[in-house]
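Asks:
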Amino acid sequence: MMKSIALWLVLMGAVTDLLGQYFFSAGASMLHVPDWDRTIRYYNIAQTWQDEDVLPLQYGYHAGGGFSFLLFQKPQVFVAPQMRYTRWSAGNSNTLLSLHQLTIGPEIRFNPRALLFGVESAGPLGPRWYIGVQSGLQLWMPRIQRNGEWIMYDEETPYRPLSTRVDLKFSTGFHSLQIGAWVLTPEISAQLVSGTELYDWSENLLGQNIIGMKNKATSGWNFAAGLILSKLKKSENWWDRPRGN
């Protein structure tokens, strides 16, 4: 995975020099998957000797990067290929749960008014307010630690199964402030998690799964809020007021 990330960064830098602006993002994430939460609640009920419950996997952080470039001039539609890593964790003095997600894919950014009526010029990042739609590849990896040691399938194989899923993310942001050659953009997003399966997760957390707890999410969302820093080319102003037809 690290080699893939390094290759992505190299390609991002090369393409950005030719096409557009690169950016970095970071923020907080909140995961809402009732099926996975139910398994953790059952684990707490079964472990009556524990003084402290394990909370559901809800709150985490994310970081990522990518580049954006203009796809269509008049409606000011931008494409932003990007990669984002998210980690959630929860636990107590005996058990630690962690969940890792890597999302890779292109995001389409547009302003509804510019899309409908057209804008001749809106600066290198497009209209200040945008809506984003992304279809991306999600890679998920859960891990379980008990009494300071990671759970293993056997003596040589750690429990860290990798599952993949293609789903949608919806976002909205506002290009707010220039700091030197950088533009600061607050953004919120909601990513669909439905259909994602954490293989053998209930079996390894509970020690068995005779009651049939679901490892596949029948429904779920990953809500996120964060900041984006976009690096602009020196020859361009960060914002030009849109000019109509």
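Mapping the sequence shown onto the numbering used here, position 197 (from 1) lands on 238, and the numbers just tick up by one.
Ideal placement from N, C-alpha and C gives every residue a C-beta, glycine not left out.
Which residue's Cα is closest to the Cα of GLY159: GLN117, PHE264, GLN99?
Replies: Of the candidates GLN117, PHE264, GLN99, the one whose C-alpha sits nearest the C-alpha of GLY159 is GLN117.
Asks: Which parts of the segment 63-106 are runs of the beta strand (DSSP E), unbroken and 3 residues or longer, counting only runs that do not cross its ends?
Replies: If we require 3 residues or more, the segment 63-106 turns out to have no beta strand (DSSP E) run fully inside it.
Asks: So if DSSP puts TYR215 in a beta bridge, which residue, or which two residues, is it bridged to?
Replies: At residue 215 the sequence reads Phe, which differs from the Tyr that was named. BP columns for PHE215 point to TRP170.
Asks: What is the residue span of the beta strand (DSSP E) that SER130 lies within?
Replies: Its beta strand (DSSP E) spans residues 118-132.
Asks: Can you tell me the Cα-Cα spacing of ILE86 and ASP92, whole angstroms?
Replies: About 12 Å.
Asks: Looking at the structure shown, is PRO202 part of a helix, part of a strand, or coil, going by DSSP?
Replies: Coil at PRO202, not helix or strand.
Asks: Which same chain residues, not among the five before or five after ASP58, have their C-beta less than 6 Å away from its C-beta?
Replies: Bear in mind that the predicted position of ASP58 carries a pLDDT of just 49, short of 50, making it unreliable; the figure below should be weighed with that in mind. There are no such residues.
Asks: For SER176, which residues in the same chain have their Cβ closer than 7 Å to its Cβ, ignoring the five residues on either side in sequence?
Replies: Same-chain partners within the cutoff: GLY146, VAL207, LEU209.
Asks: Sort out for me which residues DSSP pairs PRO183 with in a bridge.
Replies: Bridge partners of PRO183: LEU140.
Asks: So, with DSSP's three-state summary, where would you put ASN245?
Replies: Residue state, collapsed to three classes: helix.
Asks: Please identify the residue among TRP181, PRO122, ASN135, VAL224 whose C-alpha is closest to the C-alpha of GLY105.
Replies: It is PRO122 whose Cα lies nearest to the Cα of GLY105.
Asks: If you draw a straight line from the alpha carbon of LEU268 to that of GLU228, how long is it in whole angstroms?
Replies: Rounded to the nearest angstrom, the two C-alpha atoms are 6 Å apart.
Asks: Could you tell me the distance, in whole angstroms, from the CA atom of ASN152 to the CA atom of SER109?
Replies: Roughly 15 Å between the two C-alpha positions.
Asks: Checking contacts by CB at 8 Å: is TRP262 closer than that to chain D?
Replies: Of the protein chains in the structure, only one exists, and it is not chain D.
Asks: Express the C-alpha separation of THR226 and ILE81 in angstroms, rounding to a whole number.
Replies: Distance between the alpha carbons of ILE81 and THR226 is about 36 Å.
Asks: Does PRO153 come out as helix, strand or coil in the three-state DSSP assignment?
Replies: It is helical.
Asks: Going straight from the alpha carbon of SER217 to that of SER204, what length do you get?
Replies: Distance between the alpha carbons of SER217 and SER204 is about 37 Å.
Asks: What whole-angstrom Cβ distance do ASN256 and SER243 have, given they're in contact under 8 Å?
Replies: Indeed, because the Cβ distance is near 6 Å, the residues count as touching under 8 Å.
Asks: Can you name the residues that DSSP bridges to PRO165?
Replies: The partner list for PRO165 (beta bridge, DSSP) is empty, contrary to what the question assumes.
Asks: Should MET193 be labelled buried (16 or more other beta-carbon atoms within 10 Å of its own) or exposed?
Replies: By the neighbour-count rule (16 or more Cβ atoms within 10 Å), MET193 is not buried but exposed.
Asks: Relative to the alpha-carbon of TRP170, which residue among SER212, ILE185, PRO202 has its alpha-carbon at the smallest distance?
Replies: If we check each option's Cα against that of TRP170, SER212 comes out closest.
Asks: So, under 8 Å CB-CB, TRP223 and LYS274 are touching, yes? Tell me the CB distance rounded to an integer number of Å.
Replies: No, TRP223 and LYS274 are not in contact; Cβ-Cβ is about 12 Å, not under 8 Å.
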